[in-house]
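Okay, structure first, notes after.
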Amino acid sequence: MTCSIQAQYETATINKLRRELAAGLIGDDDTSPMVASARLFDERLLGAGRWVFDAMVARSLRIVREHPAVGRLFASRHSWLVVDEYQDLGPVLRALVLALHDAAGVSIAAFGDPDQSVMSFTGADPRYLSELAARGDFRDHSLGVNYRCGQAIVAASHAALREPRTYRAAPGRADDGAIEPIMADGGLDEHAAIVAGTIDALLTSGVAGHDIAVLYPARGPLLSALIDEFDARRIPYVNERDERLPSGELADFVRDCAARAVAGHQPAVLGPDVGATSVATLGDLVRAYAPVREAAGRPPLDRRAAGRKFAGLLNGLRSEEQAAPPSETSKLWESSERLPVRMALECGTSPPARCGPARSR
1 MTCSIQAQYE TATINKLRRE LAAGLIGDDD TSPMVASARL FDERLLGAGR WVFDAMVARS
61 LRIVREHPAV GRLFASRHSW LVVDEYQDLG PVLRALVLAL HDAAGVSIAA FGDPDQSVMS
121 FTGADPRYLS ELAARGDFRD HSLGVNYRCG QAIVAASHAA LREPRTYRAA PGRADDGAIE
181 PIMADGGLDE HAAIVAGTID ALLTSGVAGH DIAVLYPARG PLLSALIDEF DARRIPYVNE
241 RDERLPSGEL ADFVRDCAAR AVAGHQPAVL GPDVGATSVA TLGDLVRAYA PVREAAGRPP
301 LDRRAAGRKF AGLLNGLRSE EQAAPPSETS KLWESSERLP VRMALECGTS PPARCGPARS
361 R
């Protein structure tokens, strides 16, 4: 019996199975087509010397399980491991945490809420947090006050869960929140019209646009109908994946600068099969900058002098980012975007004109 699988339509399922295989949740005797596809994917990926994040975590788990001394070495340096949003851990990360605790003696402090798990598509299961709380070698401390939501929202969540919960809204909170069910009769167009009309009313009442969100179950006809209605009414919106980086030689060059600034020094010669994500070296940046200057009619630069200038400018960008508070780390792009201008000024030429479409804001 043969089975044909269109992998491009099963990416999420195959990735979930890959994680379960790495965690040891699927036995070697499982020869189902989907599991076989997941095994084949990893074999070919690692055979090509390519390492994605999942493969790194899986290899870490394998090392800790097969070499107990590694776990003990980790424990000697990090006696406590603090895990936030534990309910969103996939099977491999959860297995790695437990291996460090059970085999190496690392103390674990896990925080989470099984009612707020949103990562099931990665293999996360809120049951993992409940199982941890039920273990005899862990102490469970439940918090009884929800400071995020008003009592109306809390009560609605209890009703949706259909299970008893003990937490409540913060006492004395002035805003209880409000839930207003709105029935949408008809098809997708009518549904989208009601949503857009509700948004219009909120905007007219003074609610800021950035405080309004529209949730939908998946990309598809409903999302298309919503976007068409928003466009027809000229309602501004930001859709998922809208804020893409611009394309073009200058944008590619700036991305290389950002990668080099973030990653720091990399070996000058890595070779094609190193299996690591490519990060531009100083030589790469100088070579990438040369055609950008040439296309703009700028005179050529001495590559050795340009390399020294790049090193100083990149170190300056990294120092700026390290000094900035965490809330401003998104400024990396803006800082890196200034690098071609700085480079031109340092080399005694006029700054290059900005190329490519502007970023969405």
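Start counting the sequence shown at 1; every next residue gets the next number (our numbering). Glycine is no exception: its CB is placed at the ideal position from the N, C-alpha and C atoms.
Across which residues does DSSP place Leu-81 in a beta bridge pair?
Bridge partners of Leu-81: Ile-108.
As a quick exercise: from Leu-98, Asn-146, His-158, pick the residue whose alpha carbon is nearest that of Leu-129.
Nearest C-alpha to Leu-129: Leu-98.
Please report the distance separating the alpha-carbon of Asp-102 from that of Lys-16.
Approximately 25 Å between the Cα atoms of the pair.
Which of the three DSSP states is assigned to Asn-146 in this structure?
Residue state, collapsed to three classes: strand.
Consult DSSP for Arg-255 and reduce its assignment to one of helix, strand or coil.
Reduced to three states, the DSSP call for Arg-255 is helix.
Taking Gln-87 as the reference, give the member of Leu-223, Val-292, Pro-114, Ile-63 with the closest Cα.
The option with the nearest alpha carbon to Gln-87 is Pro-114.
Per DSSP, Arg-168 is paired with what?
The partner list for Arg-168 (beta bridge, DSSP) reads Val-145.
Ignore the nearest five residues each way along the sequence and tell me which others in Ala-196's own chain have a CB closer than 7 Å to its CB.
Correct list, in chain order: Glu-229, Phe-230, Arg-233, Ile-235.
Helix, strand or coil: which one does DSSP assign to Asp-189?
Of the three classes helix, strand and coil, the one that applies to Asp-189 here is helix, per DSSP.
Alpha carbon to alpha carbon, how far is Cys-149 from Ile-212? Give it in angstroms, no decimals.
Looking at the two C-alpha atoms, the distance is approximately 16 Å.
Taking His-101 as part of the alpha helix (DSSP H), name the residues at either end of that continuous run.
Residues 91 to 102.
Report the three-state DSSP secondary structure of Glu-20 (helix, strand or coil).
Helix at Glu-20.
For Gly-47, report the span of its alpha helix (DSSP H) as first-last.
Per DSSP, Gly-47 belongs to the alpha helix (DSSP H) from 33 to 47.
The ligand ADP and Phe-53: does any heavy atom of the ligand fall closer than 7 Å to the residue's C-beta?
Only the bare structure without any ligand can be found here, which leaves the ligand ADP out of the picture.
In whole angstroms, what is the alpha-carbon distance linking Gly-24 and Gly-186?
Whole-angstrom Cα-Cα distance: 48 Å.
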